[in-house]
């Protein structure tokens, strides 16, 4: 009956195993397993049985790891001597040949005290060429195989027999001697140097790569640093605290370092989280806010994008009227509202309007004014090809033609028909710009170091708008407004002289003759309506169209100038007053 043995590495039942090793060969295998699998306790293995497959895999793995250490030492010496982080395969190979010729074995020990090894990291992505060690097995005569295998392993015996526990660090490991190789026959190594993102420290405002180590070394007296240092290294709360400090520093330094999102590699619109200050794409911010570690009330609904834009502007105090009135929270979170919130002149225009108009319904008017100025500013930035311009930089006399062109663009002016798609926006932009100029003049003159030339420019632009804005803009706007709002029979009475010239003066927004006139209700109309819909008024029921048309058909002469919709509103107002 065939004997069955159990391999101590793979725990499979095999009929043939390497057994009864000599002390010298046993030391090689013992150190090799400890080198590859340091977590194994070899003292707990009384019988050292190894099957054929495990022995082959063990030798191949060991050879691969030794090659990696050799390559890492060469690259480490190259980076130290050249003082660079960019690697070229040919340069590294030539450097390796020079090192072998000069026998510079003590280079690492001379320099390692001056440079921190942790700052230089090299990731070996793959090695395309690997030498598989052939291990001859002859189970009938194990002694012959032991001697032949020992010759193959002998060149690595010095580093294996030096210590049973072999460290993985470059500083503590005695690396094997680098042998000279032909550059053509040397293995091709593809180096993938991952660039670690730099983050700003919230305490010292300095940029660091290894952020957690910097906090531990330089700011261990801070309360929040002591809090995460008291936790275990693998604790999730420790990682969250470090991430919050990292994101807080980037947020304060205005350095947008977005949280990694593989699905949105080309995303450019990033908004910070209200709780952890991390930058997320506008699509994933709402989902992150619900499960944010620092959100005290994840069940409550939060306007994450609006809150993030308010954080990005950074100019609103808790008592700011734009916040207390709720204007900032009714503005849609887009590029236009962000431009409005980040510009001081536009924000001051909104503040002054709210202070002089206390009705809640007029918040929409203030919002419309701010968004129109923001749209104008965005268009001027595109025309000037500068994203750093503010409204104060644009309000200059030399930019008057640019303001005219930008207004025509956002109002969608058609040169062929010489008409505006939004004529009211084009007409109202002139007074709105004058309002912004007055605000800028007031803010500038209050400064202790006011700029006199800027005050002169603002006054000159005001006069230029009063003189030329109506000439270049308002005439065609008035024609569009009159044509869009006038009735057909009224347009037939307008006299034209030449092309697009109107004799009758137009008063904005309509001609006086085209203004809406209110016709008062007569006593008969009220009497018949209240009697007919008495039951509706008592029970507070809005009449239908068929019922109103029945009333009109019964008294056609009385309700000659009334439509069914007007009568319906009258009935609704009657029981609404009660």
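Residue numbers (our numbering): 474 to 1051. Idealized CB from N, CA, C, for every residue including glycine.
- First through last residue of the beta strand (DSSP E) which encompasses residue 744: 743 to 745
- Query: Does at least one heavy atom of the ligand GDP sit under 6 Å from the Cβ of residue 808?
  - Reply: Inclusion of the ligand GDP in the displayed structure is not the case, the ligand content being empty and no account of it being possible.
- Message: Just verifying my parser: in three-state terms, what is the DSSP assignment at residue 580?
- Response: Note on residue 580: pLDDT 38, under 50, position unreliable in the model; the coordinate value appears next. Residue 580: helix per DSSP, three-state reduction.
- Task: Check whether the Cβ atoms of residue 789 and residue 750 lie closer than 7 Å to each other.
- Result: no
- Buried or exposed for residue 942, please, with buried defined as at least 16 other CB atoms from any protein chain shown within 10 angstroms of its CB. buried
- Task: Decide if residue 669 is buried, meaning its Cβ has at least 16 other Cβ atoms within 10 Å, or exposed.
- Result: exposed
- Query: Is residue 916 closer than 7 Å to residue 870 when the C-beta atoms are compared?
  - Reply: no
- Could you pull out every unbroken beta strand (DSSP E) segment of at least 3 residues lying fully inside the region 542 to 566, listed in chain order? none
- Item | Option in 776, 690, 818, 756 with minimal Cα separation from residue 912 | 818
- Span separating the alpha-carbon of residue 567 from that of residue 852: 56 Å
- Query: Near residue 931, which residues of its chain fall below 8 Å by C-beta distance, leaving aside the five closest residues on each side in sequence?
  - Reply: 868, 910, 913, 914, 917
- Task: Let me know if residue 546 comes out buried or exposed under the rule of 16 or more other beta-carbons within 10 Å of its beta-carbon.
- Result: buried
- Message: By DSSP's criteria, residue 753 is part of a beta bridge. Which residues make up the other side?
- Response: 744
- Collapsed DSSP secondary structure at residue 532 in the structure displayed: helix
- Item | Cut-off 7 Å between Cβ atoms - residues of its own chain near residue 758, not counting five sequence neighbours on either side | 744, 746, 777, 778, 781
- Would you decide whether residue 816 is buried or exposed? Buried here means 16 or more other CB atoms lie within 10 Å of its CB. buried
- Query: Mapping DSSP to helix, strand and coil, what is residue 877?
  - Reply: helix
- Message: Can you give me the C-alpha to C-alpha distance between residue 679 and residue 937, rounded to a whole angstrom?
- Response: 48 Å
- Message: Going by DSSP in three states, residue 887 sits in which element: helix, strand or coil?
- Response: strand
- Query: Can you tell me whether DSSP reads residue 1029 as helix, strand or coil?
  - Reply: coil
- Task: Determine the extent of the alpha helix (DSSP H) in which residue 710 is found, giving its start and end residues.
- Result: 709 to 725
- Item | Cβ separation of residue 755 and residue 742, assumed to be a contact under 8 Å, to the nearest whole Å | 5 Å
- Message: With H, G and I counted as helix, E and B as strand and the rest as coil, what does DSSP make of residue 660?
- Response: Its pLDDT being 38, under 50, residue 660 is placed unreliably by the model, and the measurement read from it follows with that caveat. Coil.
- Whose CA, out of 842, 811, 480, lies closest to the CA of residue 824? 842
- Answer yes or no: do residue 994 and residue 1018 have a C-beta to C-beta separation smaller than 7 Å? no
- Which same chain residues, not among the five before or five after residue 1032, have their C-beta less than 6 Å away from its C-beta? 1025
- Straight-line gap, residue 902 to residue 889 (C-alpha atoms, nearest Å): 22 Å
- In whole angstroms, what separates the C-alpha of residue 540 from that of residue 549? 14 Å
- Query: Hey, out of 748, 884, 1012, 821, whose CA is closest to residue 717's CA?
  - Reply: 748
- Would you mind stating whether residue 719 and residue 684 have Cβ atoms separated by less than 7 Å? yes
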